[in-house]
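> In the working numbering, the protein residues as written are 21 to 372. This structure is in structure tokens; I'll ask about it shortly.
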């Protein structure tokens, strides 16, 4: 869901969206690496949000955007506006419809060139989320249940419809969005929406039905490469990789624990028939650990998966990347302390 940014008085934005709090005035200032720029100077301003590309602020009740060279006025009304966020080229906000009913809002986006009004006097509007590619929202513009829509920078596309009669496929819930995929659930007849929700993904050109069963499937995560979910039958993990659906686990009634998507890697723990082991999928399904002791997942990023495992003497650190497992530590004092993954580096401290 879109998160409303808290208004903050006396804010200065330093560099690439770094925010500092100074003084007691209510003006917005930024530092661009060479100079301090005062964006407002009237004591009636609020900082809303920033990215490496934009700074959004409110001045005398209206939203403005600063793009490094100019300030652009986004709103011009006497109504209440709500800032939703900055996503790549997009700035998203809601504004109360002028002359409309109380608390009737419209959704707007600045796409890097122009301001686009996405809705027009429609009820039950709900902003869902956005990525660098899509703005996702629902409303009932045909007065026949909620529909799911996306804006892709050029046009608004309807992805799903809830006609409330349970006789055809109907929208039942937004799940997630990335720069490649939009994921949602539809209920599928003849069962009610509480009984049989199936997962769907839109990839920019077509809609892919991900599941087809009589159990409730659970969405786990989405990235620019993968959509991951757990089936409702026996808790097995599946993913969409491009146009290919891959079943990651197949261990009967034993449920697997999804950890997350990290760059091009999906990480989870699962039972191999003996105990819990650590697995990764990066185009190929790989079992990283294979022993009878407890392995502790630590972190994953930038192609790395890092964990701790006992080598028969004490606990040591291990890392996987690009098809290769490396034992990072080899000592007998059990005092290795993992610190994190930073770009191409894995860091830890050790007392040899």
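Backbone N, C-alpha and C define an ideal beta-carbon position, used for all residues, glycine too. Small disclaimer: the values here were computed from a predicted structure and weren't measured.
1) When you compare only the Cα positions, how much space is there between residue 353 and residue 361?
2) With a Cβ-Cβ cutoff of 7 Å, do residue 94 and residue 125 count as a contact?
3) Excluding sequence positions up to five away, which residues of its chain have a Cβ less than 6 Å from the Cβ of residue 231?
4) So who's on the other strand from residue 267, going by DSSP bridges?
5) Less than 7 Å between the beta carbons of residue 150 and residue 201, yes or no?
6) Which same chain residues end up closer than 6 Å to residue 302 when comparing Cβ atoms and leaving out the 5 residues on each side of it in sequence?
7) In whole angstroms, what separates the C-alpha of residue 244 from that of residue 52?
8) If you scan the stretch 212 to 241 from start to end, which runs of the beta strand (DSSP E) of 3 or more residues do you find wholly inside it?
9) Can you give the beta carbon distance from residue 348 to residue 366, rounded, assuming they're within the 8 Å contact cut?
10) In the DSSP assignment, find the unbroken beta strand (DSSP E) run with residue 201 in it and report its ends.
11) So if DSSP puts residue 306 in a beta bridge, which residue, or which two residues, is it bridged to?
12) Whole-angstrom Cβ separation of residue 241 and residue 196, contact assumed at under 8 Å?
13) Within the same chain, show all residues whose beta-carbon is closer than 7 Å to that of residue 281, passing over the 5 residues directly before and after it, in chain order.
14) Under 7 Å Cβ to Cβ from residue 342, same chain only, skipping five residues before and after it: list those, please.
15) Given residue 227, which residues of its chain have a CB within under 8 Å of its CB, disregarding the five upstream and five downstream residues?
16) Rounded to whole angstroms, what is the Cα-Cα separation between residue 148 and residue 331?
17) Between which two residues does the beta strand (DSSP E) carrying residue 72 extend?
18) For residue 58, count neighbouring Cβ atoms within 10 angstroms of its own Cβ and tell me buried if that reaches 16, exposed if not.
19) Can you find the residues in the same chain that come closer than 7 Å, C-beta to C-beta, to residue 359, ignoring five residues on each side of it along the sequence?
20) My output table needs one value for residue 178: the three-state DSSP class, helix, strand or coil.
21) Classify residue 185 as helix, strand or coil using the three-state DSSP reduction.
22) Could you check if residue 63 is buried or exposed, using at least 16 other CB atoms within 10 Å of its CB as the buried criterion?
23) Go ahead and pull the three-state DSSP assignment for residue 54.
24) With the cut-off set at 7 Å, would you say residue 172 and residue 191 are in Cβ contact?
25) Quick one: give me the first and last residue of the beta strand (DSSP E) that residue 252 is part of.
26) Just verifying my parser: in three-state terms, what is the DSSP assignment at residue 339?
27) Near residue 80, which residues of its chain fall below 6 Å by C-beta distance, leaving aside the five closest residues on each side in sequence?
28) When the distance is taken between beta carbons, is residue 154 closer than 7 Å to residue 177?
29) For residue 115, which residues from the same chain have a beta carbon less than 8 Å from its beta carbon, with the 5 sequence-adjacent residues on both sides left out?
According to the structure data:
1) Position 333 of the chain shown holds residue 353. Position 341 of the chain shown holds residue 361. The alpha-carbon atoms of residue 353 and residue 361 are separated by roughly 23 Å.
2) In the chain shown, counting from the first residue as 1, residue 94 sits at position 74. In the chain shown, counting from the first residue as 1, residue 125 sits at position 105. Going by C-beta atoms, residue 94 is not nearer than 7 Å to residue 125.
3) Position 211 of the chain shown, counting from 1, holds the residue named residue 231. Correct list, in chain order: 218, 219, 237.
4) Walking along the chain shown from the start, residue 267 turns up at place 247. 258.
5) Translated into positions along the chain shown, residue 150 becomes position 130. Translated into positions along the chain shown, residue 201 becomes position 181. Contact flag unset, no.
6) Indexing the chain shown from 1 puts residue 302 at position 282. Correct list, in chain order: 284, 285.
7) To locate residue 244, count along the chain shown from 1; it is residue 224. To locate residue 52, count along the chain shown from 1; it is residue 32. Their backbone Cα atoms lie some 31 Å apart in a straight line.
8) 217 to 222, 227 to 229
9) Within the chain shown, residue 348 is the residue found at index 328, counting from 1. Within the chain shown, residue 366 is the residue found at index 346, counting from 1. About 7 Å; that satisfies the 8 Å criterion.
10) Counting from 1 along the chain shown, the entry for residue 201 is found at position 181. Where residue 201 is concerned, there is no enclosing beta strand (DSSP E), given that its DSSP letter is neither H nor E.
11) Mapped onto the chain shown, residue 306 falls at position 286. According to DSSP, residue 306 bridges with 300.
12) For the purposes of this step, residue 241 is taken as the residue at position 221 of the chain shown. For the purposes of this step, residue 196 is taken as the residue at position 176 of the chain shown. Going by Cβ atoms, the distance from residue 241 to residue 196 rounds to 7 Å, so yes, they are a contact pair.
13) One-based indexing of the chain shown puts residue 281 at position 261. Answer for residue 281: 241, 243, 246, 248, listed in chain order.
14) As a working note, residue 342 is residue 322 in the chain shown. Only 323 meet the Cβ criterion.
15) Reading the chain shown from its first residue, position 207 is the one you call residue 227. Cβ neighbours of residue 227 beyond the five flanking positions: 179, 220, 221.
16) Stepping through the chain shown from its first residue, residue 148 is reached at position 128. Stepping through the chain shown from its first residue, residue 331 is reached at position 311. Looking at the two C-alpha atoms, the distance is approximately 47 Å.
17) Locating residue 72 in the chain shown gives position 52, counting from the first residue. From DSSP, residue 72 is part of no beta strand (DSSP E); its letter is neither H nor E.
18) As a working mapping, residue 58 is identified with position 38 in the chain shown. Counting Cβ neighbours within 10 Å, residue 58 comes out exposed, since fewer than 16 surround it.
19) If you number the chain shown from 1, residue 359 lands on position 339. These residues qualify, in order along the chain: 367, 368, 369.
20) Translated into the one-based positions of the chain shown, residue 178 becomes position 158. Reduced to three states, the DSSP call for residue 178 is strand.
21) If you number the chain shown from 1, residue 185 lands on position 165. Annotation note: pLDDT 46 at residue 185 (below 50); position unreliable, coordinate value reported separately. If DSSP states are grouped into helix, strand and coil, residue 185 belongs with coil.
22) The sequence position of residue 63 within the chain shown is 43, counting from 1. Exposed.
23) For the purposes of this step, residue 54 is taken as residue 34 along the chain shown, with counting starting at 1. Residue 54: coil per DSSP, three-state reduction.
24) To locate residue 172, count along the chain shown from 1; it is residue 152. To locate residue 191, count along the chain shown from 1; it is residue 171. Going by C-beta atoms, residue 172 is not nearer than 7 Å to residue 191.
25) Walking along the chain shown from the start, residue 252 turns up at place 232. It is not in any beta strand (DSSP E) - residue 252 carries neither H nor E in the DSSP assignment.
26) Against the chain shown, residue 339 aligns to sequence position 319. Strand, per DSSP.
27) Indexing the chain shown from 1 puts residue 80 at position 60. Only 64 meet the Cβ criterion.
28) Taking the first residue of the chain shown as 1, we reach residue 177 at position 157. Taking the first residue of the chain shown as 1, we reach residue 154 at position 134. Result no, Cβ atoms of residue 177 and residue 154 do not sit closer than 7 Å.
29) In the chain shown, the residue the question calls residue 115 occupies position 95. Taken in chain order, the residues that qualify are 95, 97, 99, 100, 101, 102, 125, 126, 128.
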